[in-house]
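Notes follow the structure.
Here is the structure:
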């Protein structure tokens, strides 16, 4: 296992903390956009797998998440977070100008990655969306309440492996409190923008758990159907829950991801 090193990147709303994993002679750059309430440190295993495929892996903690500054899980416009991904891409590619970039987004990070790809398609060699919040999301129903109720994420929805949920609950860098109204409104606005935006013409892979209760596959598909292009691929895994990279079949998932990226980079 290769441990990450830290770098700081000037973001739209503050200086972001970024984890970077690098092996010898990388052949491509993997940018990882993590999900709501979590942080980049939960992607050590993913980074290990990508390093074996000769990736240089960079994963920011979004503003208000993990070790980055800001009110916890709070932002008023998702476009700030999309711009932060572009700021990171610019900095990393300035140091490695000949390496292609693949963006991997999970959950809320999948939403950000899809929006980024719509705005910057020519800057990506491929896109991977894991359990992305797209189309519609039942959590946005919380906006109907005068006061947002405290409905933390049920760790049992993350994986069939109970140790994943236990680690999630024990992780002090994970947000375990209520959703913020401004953030939910920003997510809603971003989903509308994606639905009205261009199709994805770059190679794109969508992976999703069939038993994902946190971000149901059927709801995501309503958004996927609006943006899928001619080079779009999907894998829906029977019995799998939300965090496919932490699921009991995570090796299968990562094999599919790595094979897809290999084909995209060699095409």
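In the UniProt record's numbering, the protein residues as written are 1 to 267.
The beta carbon of each residue, even a glycine, is placed where N, CA and C say it ideally should be.
**Request:** Along the beta strand (DSSP E) that carries residue 10, what are the first and last residues, could you check?
**Result:** The count along the chain shown starts at 1 and reaches residue 10 at position 10. First-last of the beta strand (DSSP E) with residue 10: 5-10.
**Request:** Under 6 Å Cβ to Cβ from residue 239, same chain only, skipping five residues before and after it: list those, please.
**Result:** Looking up residue 239 in the chain shown gives position 239. These residues qualify, in order along the chain: 211.
**Asked** Considering only the beta carbon of each residue, do residue 57 and residue 30 sit closer than 8 Å?
**Response** Here the question's residue 57 lines up with position 57 in the chain shown. Here the question's residue 30 lines up with position 30 in the chain shown. Yes. Within cutoff.
**Prompt:** What residue range is occupied by the uninterrupted alpha helix (DSSP H) comprising residue 162?
**Reply:** Against the chain shown, residue 162 aligns to sequence position 162. Start and end: 162-170.
**Message:** Give me the DSSP bridge partner(s) of residue 90.
**Reply:** Numbered from its first residue, the chain shown carries residue 90 at position 90. According to DSSP, residue 90 bridges with nothing at all.
**Message:** Please return the same chain residues whose Cβ sits closer than 6 Å to the Cβ of residue 258, not counting the five positions on each side in sequence.
**Reply:** Here residue 258 refers to the residue found at position 258 of the chain shown. Taken in chain order, the residues that qualify are 53.
**Message:** Rounded to the nearest angstrom, what separates residue 147 and residue 15 at their Cα positions?
**Reply:** By 1-based counting over the chain shown, the position of residue 147 is 147. By 1-based counting over the chain shown, the position of residue 15 is 15. Looking at the two C-alpha atoms, the distance is approximately 31 Å.
**Message:** I'd like the ranges of any alpha helix (DSSP H) spanning at least 4 consecutive residues and lying wholly in the segment 39-125.
**Reply:** 44-52, 78-95, 108-119
**Message:** Judging by CA-CA distance, which residue of 91, 45, 254, 229 is the nearest neighbour of residue 7?
**Reply:** Taking the first residue of the chain shown as 1, we reach residue 7 at position 7. Considering only alpha carbons, the answer is 91.
**Item:** Neighbourhood of residue 120 by C-beta, 7 Å cutoff - its chain only, sequence neighbours within 5 removed
**Value:** Within the chain shown, residue 120 is the residue found at index 120, counting from 1. Result list for residue 120: 86, in chain order.
**Request:** Buried or exposed for residue 34, please, with buried defined as at least 16 other CB atoms from any protein chain shown within 10 angstroms of its CB.
**Result:** What you label residue 34 is simply residue 34 of the chain shown in a count that begins at 1. Classification for residue 34: buried.
**Message:** Quick check on DSSP: helix, strand or coil for residue 202?
**Reply:** Translated into positions along the chain shown, residue 202 becomes position 202. Correct three-state label for residue 202: coil.
**Contacting residues, own chain, Cβ-Cβ under 7 Å from residue 208 (five flanking each side not counted)** = Position 208 of the chain shown, counted from the first residue, corresponds to residue 208. Within the same chain, residue 208 has close Cβ partners 131, 217, 220, 236.
**Asked** From this set, 214, 122, 144, 139, which residue's C-alpha is nearest residue 241's C-alpha?
**Response** Reading the chain shown from its first residue, position 241 is the one you call residue 241. Taking only the C-alpha atoms, the option nearest residue 241 is 214.
**Request:** Would you check if there are 3 or more beta carbon pairs closer than 8 Å linking the segment 224-234 to the segment 190-203?
**Result:** yes
**Prompt:** Does DSSP classify residue 277 as helix, strand or coil?
**Reply:** Lying outside 1 to 267, the shown extent of the chain, residue 277 is not represented and no answer is given.
**Asked** If residue 140 sits next to residue 105, beta carbons under 8 Å apart, how far is it from one beta carbon to the other, in whole angstroms?
**Response** Reading the chain shown from its first residue, position 140 is the one you call residue 140. Reading the chain shown from its first residue, position 105 is the one you call residue 105. At roughly 19 Å, the Cβ-Cβ gap does not stay under 8 Å, so residue 140 and residue 105 are not in contact.
**Prompt:** Going along the chain, which residues of its own chain have a beta-carbon closer than 8 Å to the beta-carbon of residue 2, five neighbours each way excluded?
**Reply:** The residue labelled residue 2 in the question sits at position 2 within the chain shown. Excluding residues within five positions, the ones whose Cβ falls inside 8 Å are 21, 22, 23, 47, 48, 51.
**Message:** Going by DSSP, what residue range makes up the alpha helix (DSSP H) through residue 192?
**Reply:** In the chain shown, residue 192 corresponds to position 192, counting from 1. Its alpha helix (DSSP H) spans residues 181-196.
**Request:** Kindly identify the DSSP beta-bridge partner or partners of residue 17.
**Result:** Taking the first residue of the chain shown as position 1, residue 17 is located at position 17. Note: residue 17 sits in a beta bridge opposite 8.
**Through-space distance from residue 97 to residue 134, alpha-carbon basis** = Numbered from its first residue, the chain shown carries residue 134 at position 134. Numbered from its first residue, the chain shown carries residue 97 at position 97. If you take the alpha carbons of residue 134 and residue 97, they lie about 31 Å apart.
**Message:** If you follow the alpha helix (DSSP H) that residue 261 is in, where does it begin and where does it stop?
**Reply:** By one-based count along the chain shown, residue 261 stands at place 261. First-last of the alpha helix (DSSP H) with residue 261: 250-266.
**Residues near residue 155 in its chain [Cβ-Cβ closer than 6 Å; skip 5 each side]** = If you number the chain shown from 1, residue 155 lands on position 155. Correct list, in chain order: 165, 168, 169.
**Cβ-based burial, residue 192 [other Cβ within 10 Å; buried from 16]** = Against the chain shown, residue 192 aligns to sequence position 192. When all chains shown are included, residue 192 counts as exposed.
**Message:** Let's test the definition: count the other Cβ atoms within 10 Å of the Cβ of residue 60 and tell me whether it reaches 16, buried, or not, exposed.
**Reply:** In the chain shown, counting from the first residue as 1, residue 60 sits at position 60. Label assigned to residue 60: buried.
**Request:** Below 8 Å CB to CB, which residues in the same chain sit around residue 26 once its five sequence neighbours on both sides are set aside?
**Result:** Within the chain shown, residue 26 is the residue found at index 26, counting from 1. Once the five neighbours on either side are set aside, the close Cβ partners of residue 26 are 54, 55, 56, 96, 99.
**Asked** Which residues in the same chain have their Cβ closer than 6 Å to the Cβ of residue 69, if we skip the five residues on either side of it in sequence?
**Response** Within the chain shown, residue 69 is the residue found at index 69, counting from 1. The residues are 14.
**Request:** Could you tell me the distance, in whole angstroms, from the CA atom of residue 115 to the CA atom of residue 204?
**Result:** Here the question's residue 115 lines up with position 115 in the chain shown. Here the question's residue 204 lines up with position 204 in the chain shown. The alpha-carbon atoms of residue 115 and residue 204 are separated by roughly 13 Å.
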